[in-house]
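In our numbering, the protein residues as written are 47 to 214.
Everything on this sheet refers to the single structure shown next.
Here it is in structure tokens:
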């Protein structure tokens, strides 16, 4: 039932998840997004000009804010999980690591999860008491840097080195 509850929350604009539950079978329906992954677009361009980056970042802010208002931490925001439609509008996909914070049950998350280059210091260090939705805003900063420069702000010389660099 947790999965159904999370999916019901996520079937909002700028997200791709919809579910059907019949006879104890859960199916995911996904909209086909012709534009493909933001990662592919960045690789082919090298970087985005300021106007294009601002447009993508603004749409991501709307999507993440919408999730946070519904008490969902995305936790795996990265270029590969952001799709662009034919007009360049953003769609988030892959909610496998997202966390629904149920009021009065769970106010914060504790799991070490995500993609290392986009993980915040809070996820890496896992402070006592857990972390909040601020971890998604850290990932937004990493993505913003990547869109404008074409590079990661952290050297990816193995997960251990990246996590040490991020945790500084």
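Glycine is no exception: its CB is placed at the ideal position from the N, C-alpha and C atoms.
Notebook entry, point to check: With burial defined as no fewer than 16 other Cβ atoms inside 10 Å of the residue's Cβ, what is the status of residue 108: buried or exposed?
Noted result: Working through the chain shown from its first residue, we reach residue 108 at position 62. Residue 108 counts as exposed, since fewer than 16 other C-beta atoms from the protein chains shown sit within 10 angstroms of its C-beta.
Note to self: Quick check: what's the CA-CA separation for residue 193 versus residue 175?
What the structure shows: Here residue 193 is taken as the residue at index 147 of the chain shown, counted from 1. Here residue 175 is taken as the residue at index 129 of the chain shown, counted from 1. Distance from the CA atom of residue 193 to the CA atom of residue 175, rounded to whole angstroms, is 33 Å.
Check: Does the distance from the CB of residue 119 to the CB of residue 181 come in under 9 Å?
Finding: Against the chain shown, residue 119 aligns to sequence position 73. Against the chain shown, residue 181 aligns to sequence position 135. Taking 9 Å as the cut-off, the beta carbon of residue 119 is found closer than this to the beta carbon of residue 181.
Margin query: If I measure Cβ to Cβ from residue 177 and keep anything under 7 Å in the same chain, skipping five residues before and after, which residues do I get?
Written below: For the purposes of this step, residue 177 is identified with residue 131 of the chain shown, where counting begins at 1. So the qualifying residues of the chain are 154, 155, 168 and 169.
Checklist line | Span of the alpha helix (DSSP H), counted from its first residue to its last, around residue 148 | finding: What you label residue 148 is simply residue 102 of the chain shown in a count that begins at 1. Judged by DSSP secondary structure, residue 148 falls outside any alpha helix (DSSP H); it is assigned neither H nor E.
Checklist line | Cβ shell of residue 183 (< 7 Å), same chain only, five flanking positions each side left out | finding: Sequence index remark: in the chain shown, residue 183 carries index 137 (1-based). So no residue of the chain qualifies.
Note to self: Quick check: what's the CA-CA separation for residue 162 versus residue 84?
What the structure shows: Your numbering for residue 162 matches position 116 in the chain shown. Your numbering for residue 84 matches position 38 in the chain shown. When rounded, the distance between both Cα atoms is 18 Å.
Note to self: Can you check which of these residues, 128, 111 and 122, is closest to residue 102 by C-alpha distance?
What the structure shows: Taking the chain shown and counting its residues from 1, one reaches residue 102 at position 56. Scanning 128, 111 and 122 for the CA closest to the CA of residue 102 turns up 128.
Check: How would you label residue 91, buried or exposed, when you count the other beta carbons within 10 angstroms and need 16 or more for buried?
Finding: As a working mapping, residue 91 is identified with position 45 in the chain shown. Exposure of residue 91 is indicated by the presence of fewer than 16 other C-beta atoms within 10 angstroms of its C-beta.
Next item on the list: Under 8 Å by Cβ, that's how I've got residue 81 and residue 130 pegged, so tell me the actual separation to the nearest angstrom.
Entry: Locating residue 81 in the chain shown gives position 35, where the first residue counts as 1. Locating residue 130 in the chain shown gives position 84, where the first residue counts as 1. The beta-carbon distance between residue 81 and residue 130, rounded to whole angstroms, is 4 Å. This is short enough to meet the 8 Å contact definition.
Notebook entry, point to check: Counting along the chain, where does the alpha helix (DSSP H) carrying residue 130 start and finish?
Noted result: As a first step, residue 130 must be located in the chain shown, where it is residue number 84. Here residue 130 belongs to no alpha helix (DSSP H); instead the beta strand (DSSP E) covers 128-130.
Check: Closest by CA to residue 116, which one among 198, 179 and 200?
Finding: Taking the chain shown and counting its residues from 1, the one referred to as residue 116 is at position 70. Selected option, being the one with the closest Cα: 179.
Check: residue 196: buried (16+ other C-beta within 10 angstroms of its C-beta) or exposed?
Finding: Counting from one through the chain shown, the residue named residue 196 turns up at place 150. Counting C-beta atoms within 10 angstroms of its own C-beta, residue 196 has fewer than 16 neighbours from the protein chains shown and is therefore classed as exposed.
Checklist line | Sub-9 Å separation of residue 123 and residue 138 beta-carbons | finding: Here residue 123 is taken as the residue at index 77 of the chain shown, counted from 1. Here residue 138 is taken as the residue at index 92 of the chain shown, counted from 1. It is a contact, given that the beta carbons lie within the stated cut-off.
Check: In three-state terms, what does DSSP make of residue 113?
Finding: Against the chain shown, residue 113 aligns to sequence position 67. Looking at residue 113 - three-state DSSP - the assignment turns out to be helix.
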